[in-house]
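Order-wise, the sequence lines are chains A and B. Going by my numbering, the final residue of the first sequence carries number 532, and the count climbs one at a time with no gaps. Going by my numbering, the final residue of the second sequence carries number 863, and the count climbs one at a time with no gaps. One structure is given below, encoded as structure tokens.
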Amino acid sequence: MLITVTTTHQPATDLGYLLVKHPDRVHTFGMPTGTAYVVYPEADTERCTAALLLDIDPLALSGARTRRGGSGRGGNPTPDGFTLGQYVNDRSYAASSLLSSALSTVFRSALRGNSKDRPELAATAIPLELRVPALRCRGGAELTEKLFAPLGWTVTAVPIPLDPSRPDWGDSRYVDLTLTGTLRLADALNHLYVLLPVLDDAKHYWVAPDEIDKLLRAGAGWLAEHPERGLITRRYLAHRRALAGAALARLAEQRLADEPADPDSIVEAPDCGADEEAGLPATVDRQPLAALRRAAVLAALDSSGATRVLDLGCGGGALLTDLVKNRRYTEIVGTDVSSRSLTVAERRLRLDRLPPRQRERIKLWQSALTYQDDRLRGYDAAVLMEVVEHLDPPRLPALEAAVFGHARPETVVVTTPNVEYNVRYPGLAAGAFRHTDHRFEWTRAEFADWTGAVGAHYGYAVTISGVGADDPEVGSPTQLAVFTRTAPNPTPQPTDLGDAR
Amino acid sequence: MSTLDIPELALVALVGVSGSGKSTFARRHFAPSQVLSSDTFRAMVADDENDQSASGDAFDVLHYVAGKRLRAGRLTVVDATNLQQHARAGLVTVAREHDVLPVAIVLDVPEPLCWERTQARPDRTFARQVLGRMQRDLRRSVGRLEREGFRKVHVLRGVEEIEAAEIGYEKLFNDRKELTGPFDIVGDVHGCRAELEALLLRLGWTLHRDEDGRPVNATHPEGRTAIFVGDLVDRGPDSPGVLRLVMGMVGAGTALCVPGNHEQKLLRKLRGRNVTVSHGLAETLAQLDGEEPGFVAEISAFVDGLVSHYVLDGGRLVVAHAGLKAEYQGRASGRVRAFALFGETTGETDEYGLPVRYPWARDYRGSATVVYGHTPTPAPEWVNNTICIDTGCVFGGTLTALRYPSRELVSVPAAKEYYPPARPLAATPGGPASAAPDGAAGTRDDLGLDLRDVTGRRHLDYGYGTVTVPAENAAAALEVMSRFAVDPRWLPWLPPTMAPCSTSTVDGFLEHPAQALEDYRRAGVDRVVCEEKHMGSRAVVLVRRDEVDPAAPAAAGRFGPGDGVVYTRTGRPFFGGALDRALLARVRAAIGSAGLWAELDTDWLLLDCELLPWSAKAGALIREQYAPVGAAGRAALPAVLDVLAGAAGRDLPVADLRARMARRATDLDRYTEAYRSYVRPTDGLAGVTLAPFAVLASEGASHAGRDHGWHLALADRLHAADPELFTPTRRRVVDLADEAAVAAATDWWLELTGSGGEGMVVKPYAGLGARDAEGRLLQPGVKCRGREYLRIIYGPEYAEPDQLAALRHRSLGRKRGLALREHGLGLAALDRLAEGAPLWRRHELVFAILACESEPVDPRL
């Protein structure tokens with residue numbers, strides 16, 4: 032909510048000319064989310080400080096966010112979580128894109144480097160000190176150094192404790208940022224204009240394509256050469272991949288140097304604001320394993336001779352895409368408990384654009400593996416690829432009954448992580464699972480026990496293999512079991528002892 | 003005048019040429035909605051009721067509508083010429099698909115009259131020879147109708163007969179809804195006459211014997227009626243003796259009997275059909291050799307007269323030998339009979355060469371109780387309101403009777419194994435291994451819930467009201483239920499959301515006791531209890547008296563494996579794992595030392611609680627959502643105040659702004675204090691306490707009808723039993739007419755919230771089930787939250803006059819409606835738990851509560 036700009040250039044009060052704000056007055060500007068003020072707490076010839084204070088009206092802010100709250104609806108369900116974040120938040124206090132907007136409105140000509148009264152001074156580097164007392168900084172205080180130091184600033188970022196009464200809680204995500212250096216005022220303001228929302232990494236408004244122009248305009252002369260331009264561009268454009276790609280391409284043109292923009296870092300950018308620092312086993316490692324796993328599952332299906340198949344827990348439809356390509360599969364059903372996943376799968380498969388005969392092969396159904404579902408009966412094969420570990424162990428019997436007891440396909444292919452292999456992931460903390468939603472990960476012995484018990488109870492023969500590099504000590508990263516039905520009858524259901532029919 | 007008898011539920015085809023008066027006949031005898039006329043359907047699909055080219059489509063739609071009506075059990079009359087075999091065949095198919103009897107009523111009118119009537123209609127333009135052709139078709143048809151499958155054919159010849167005819171309705175043979183019992187329903191006897199006599203005597207029946215001492219009838223002093231589920235004969239030592247007794251009882255009206263597959267086969271044998279003599283038929287035939295031919299003939303007649311199944315007690319009870327799925331009950335068709343006698347098979351055979359039976363009971367969702375035999379089982383168990391009472395007497399098991407309506411089981415042991423079973427009489431998984439004890443049967447709930455029980459747009463009439471769950475809410479709930487919730491068997495109830503009290507007009511307050519108390523006074527409540535609102539997380543505790551090793555095989559009982567759960571308001575395990583188990587162990591012990599197991603005569607208890615402190619569950623939320631707001635404000639506001647102090651020192655006009663910012667700083671400090679009071683150090687269970695405020699249910703009982711005095715007294719006893727674990731709930735009982743008490747409650751609230759408390763919940767003293775004068779459910783409670791607490795809900799500065807003024811426009815209607823719906827669903831869920839309803843019936847309500855929670859409602863309420 033506050034930025035101060037101080038100069039010791041003599042006479043310091045010329046700052047008022049550069050900003051076009053008289054130091055002896057209080058300047059007030061109506062903003063969509065509140066009121067912006069410019070006041071000068073000090074203004075003499077030696078030292079002059081202008082403060083931009085944004086007084087946010089919380090009601091206007093929550094009104095500006097028109098989405099209504101409601102837990103668990105679509106998207107990621109947060110059943111025990113809270114959706115009060117839109118009412119109780121730091122936006123009134125922290126520097127954010129709201130402050131950037133205020134900056135561009137209030138200091139419009141200064142941002143452009145124009146000054147009617149002091150044109151030479153506007154073009155001159157002058158000693159400046161900028162302070163942002165509450166800056167939410169995603170990525171830690173070090174990131175401020177990485178972003179501002181290459182631009183010629185001396186950076187002081189003091190972390191703010193989360194709660195002084197709870198020293199054990201450590202520091203908050205906020206820093207008190209002070210930048211000192213000798214720069215043109217316009218450059219200084221543009222740096223803030225772009226980098227405040229980048230550090231905050233949240234935008235209060237919908238990021239439309241014209242944001243690219245805004246970014247390139249404000250970044251003129253410094254962004255193209257900035258070592259962190261990839262991160263800056265992605266975050267500024269709020270992780271919208273297509274926009275970031277376009278902006279980086281245009282930046283590359285500006286640089287004239289024909290260095291390709293780092294394509295990996297764009298691909299890596301999460302779809303939905305997920306924490307990019309949190310990727311556990313390196314993405315590089317996981318991609319091939321996922322592909323290997325799909326190939327292993329497809330091979331198992333292929334040798335089963337199945338033509339009508341179920342992908343239970345199909346998620347975004349990665350396996351479905353492979354299945355669709357193979358014409359032997361005459362009927363392909365993807366099920367997932369998350370309707371959002373099914374929407375993603377539908378988009379990925381481009382269902383709306385398939386010719387009718389292709390379209391008829393594919394069905395996407397919402398279903399839950401803890402409930403029996405008559406629609407799933409009578410198929411040749413079912414795949415449970417990386418699914419069972421997402422259920423609490425006490426709920427596994429329900430899945431077993433629904434899949435092996437009720438749906439009862441001829442073949443069931445199950446894959447799940449081999450927890451023993453986790454020690455081979457350097458990025459994975461000891462004892463941690465590969466995914467935050469994993470409720471368990473099994474050793475090879477545990478997997479063998481489970482598959483054996485399920486097979487015996489429901490009348491399936493089981494073969495187990497591994498997917499991925501077979502480590503002599505810890506085995507393969509993924510375990511795979513193929514269940515083949517041997518008994519006709521679901522459960523030991525009492526049969527009539529004397530049916531005389 | 004002749005009366006045409008037709009079954010109450012039938013598909014009636016009118017048969018007659020054009021102009022024979024079918025429509026007039028239909029109008030006179032049936033309601034317009036019962037009559038499906040081909041003319042109407044032709045007009046519907048082609049805008050012209052005479053467009054013969056549209057007949058194909060018209061009959062498609064007609065058959066579809068007829069099917070819908072028949073499925074719902076509604077008499078349907080088809081007004082079409084029905085002169086051609088293919089047209090009639092379509093109707094017979096529709097009737098059979100819905101297991102109703104097809105009936106034909108033929109109107110045979112002299113051709114000249116038909117021609118006269120046809121000519122009188124301007125829209126009928128066909129030539130007279132067409133009519134002649136129709137007449138010839140009619141003549142040919144009449145003799146064929148019965149062979150085509152029409153179970154009754156009434157032919158009315160001439161106008162006079164048609165004019166004089168009246169329709170009479172006859173009940174189906176299986177419809178004995180007027181019989182209300184009480185019944186003693188007896189399982190498969192298989193020639194075990196001695197055991198049958200013993201069982202009847204145990205049940206209090208008096209046996210009547212003939213001069214040879216053979217029992218030929220039985221009567222019950224209380225006028226009970228026996229019902230035999232069939233398979234009286236074969237394998238056992240005295241099938242003729244059993245038949246003699248049962249036939250006598252049926253003849254005397256003291257018993258009903260449905261046929262079993264063994265009677266069916268015996269009858270075929272007696273009629274000289276070629277049947278394989280196996281499965282104990284040989285024994286019966288040998289025993290019958292010694293009987294008089296007259297008795298054997300009586301047996302044939304008796305078995306031939308048996309009706310496949312009975313629908314009894316107003317439709318609440320169905321008895322069939324092998325059970326009967328809901329859509330077949332009260333219907334009549336070959337496949338209904340086949341199902342009733344043999345059950346449904348999958349077409350596969352098991353390792354003993356016996357047919358694999360489709361587990362129809364697992365999918366049963368009907369409202370009638372189904373009692374059946376056919377499949378020997380060591381101990382009868384309720385599965386979705388069905389029970390198999392064949393306990394394998396002839397195989398050395400027991401002979402069992404189910405008393406209805408008390409649902410009590412009574413059995414006598416077999417004197418010996420008369421016949422070796424083809425496959426061992428294995429214990430069903432999850433069932434007790436020993437022979438059936440007398441008393442109530444257990445319930446089998448491990449057979450899986452069906453997706454159809456919960457998904458799609460669902461309309462629920464739950465007794466306290468009705469609710470329609472939109473499909474998208476059900477979809478959202480499915481994800482939560484499936485991915486996060488505890489086993490549905492352990493999730494008998496979910497806490498309803500709670501509405502706040504009406505918005506306060508008291509200066510500076512958004513919520514205030516004055517409104518909370520006034521809300522109830524206005525609803526006609528005279529007495530409420532104000533309970534302190536605990537500063538924790540909702541926790542529902544379902545605990546068994548006996549500790550069970552979670553790894554042990556499933557114990558018999560309502561909830562499946564395990565000995566208890568602690569779950570959140572959305573059904574998630576509270577902490578999960580060992581911590582929950584440790585908590586349960588302490589709760590179990592406290593209930594024991596408070597003597598509640600014995601007092602409530604139960605071996606499990608369902609408690610509604612708050613688990614404290616909030617930080618134990620929501621620590622991450624506090625650190626990641628609430629504390630950062632404080633940190634940001636503490637960094638920003640002092641800097642802002644410094645700037646404004648400087649500006650003020652330069653005589654700039656910033657006094658108002660400065661004052662406002664100073665207030666914001668104060669508000670932020672208060673906000674920080676508010677969230678800090680939810681944080682208390684805990685380590686494992688150390689520091690965690692539980693504040694129970696309602697004892698929701700125990701074996702056979704919902705306690706929704708008890709007043710809050712009762713609930714809180716039990717909570718106090720738990721506190722006394724384990725003061726370290728249980729936190730008592732401070733409260734004030736307030737008579738709303740007593741102004742002094744109202745004022746005292748207000749002071750109490752001010753004091754509570756003034757010292758950092760969250761607020762209070764006001765509830766009708768009468769309890770959870772409290773209703774208003776019109777009999778409508780009352781809100782079970784309204785919350786009245788403290789002024790400081792609300793800062794973490796509405797934002798640190800919500801109490802600023804301008805913000806408060808805006809917030810006072812908050813709308814509570816949606817939240818209240820939701821709270822009431824969820825409450826009613828919860829009460830119904832407790833009722834169904836108490837009455838031992840099948841799992842799917844309990845789960846559909848709990849699921850609906852969760853689905854209601856997907857409604858978009860202001861989360862601050």
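Positions of the beta carbon are idealized from the N, C-alpha and C atoms, including for glycine. None of the values given here were measured: they were computed from a predicted structure.
Quick one: grab the DSSP three-state call for residue i.
i      : result
B:E760 : coil
B:C854 : helix
B:S42  : A small fix is needed here, since residue 42 of chain B is Thr in this sequence, not Ser. B:T42: helix per DSSP, three-state reduction.
B:A416 : coil
B:E802 : coil
A:C345 : coil
B:Q137 : helix
A:N453 : helix
B:D737 : strand
B:N386 : coil
Within its chain, find whatever has a CB closer than 8 Å to the CB of residue i; leave out the 5 residues flanking it on each side and keep chain order.
i      : result
A:V315 : With a pLDDT of only 40 at A:V315, under 50, the local geometry of the prediction cannot be trusted, and the value read off the model is given with reservation. Excluding sequence neighbours, A:V315 sits near nothing in its chain.
B:A257 : A220, T227, A228, I229, F230, V248, M251
B:R73  : H100, E329
A:N449 : E472, W473, T474, R475, F478, G497, V505, G506, S507, P508, T509, Q510
Using a Cβ-Cβ distance cut-off of 8 Å, determine whether residue i contacts chain A.
i      : result
B:S413 : no
B:G797 : yes
B:S895 : Outside the displayed range of chain B (3 to 863) lies residue 895 of chain B, so it cannot be described from this structure.
B:S484 : yes
B:I794 : yes
B:L608 : no
B:Q805 : yes
B:L519 : no
B:E481 : yes
B:V631 : yes
B:G450 : yes
B:V656 : yes
Looking at the C-beta of residue i, does it have a partner C-beta in chain B at a distance below 8 Å?
i      : result
A:V419 : no
A:A399 : yes
A:A165 : yes
A:W481 : no
A:T38  : no
A:D404 : yes
Can you say whether residue i is buried or exposed, counting buried as having 16 or more other CB atoms within 10 angstroms of its CB?
i      : result
A:A487 : exposed
B:R491 : buried
B:Y66  : exposed
B:H88  : exposed
B:D233 : buried
B:N276 : exposed
**Message:** Counting only Cβ-Cβ distances shorter than 7 Å, please list the residues of the region 119–136 of chain A near chain B, keeping chain order.
**Reply:** V119, N120, D121, Y124, A125
**Message:** Which residues of the region 486–506 of chain B have a Cβ closer than 9 Å to any Cβ of chain C? Give them in chain order.
**Reply:** Among the chains of the structure shown, chain C does not appear; the protein chains present are A and B.
**Message:** Using a Cβ-Cβ cutoff of 9 Å, what residues of the region 415–442 of chain A are near chain B? List them in chain order.
**Reply:** H421, L422, D423, P425, R426, P428, A429, A432, A433, G436, H437
**Prompt:** What residues in the region 634–646 of chain B have a beta carbon less than 9 Å from any beta carbon of chain A?
**Reply:** A634, G635, R636, A637, A638, L639, P640, A641, V642, D644, V645, L646
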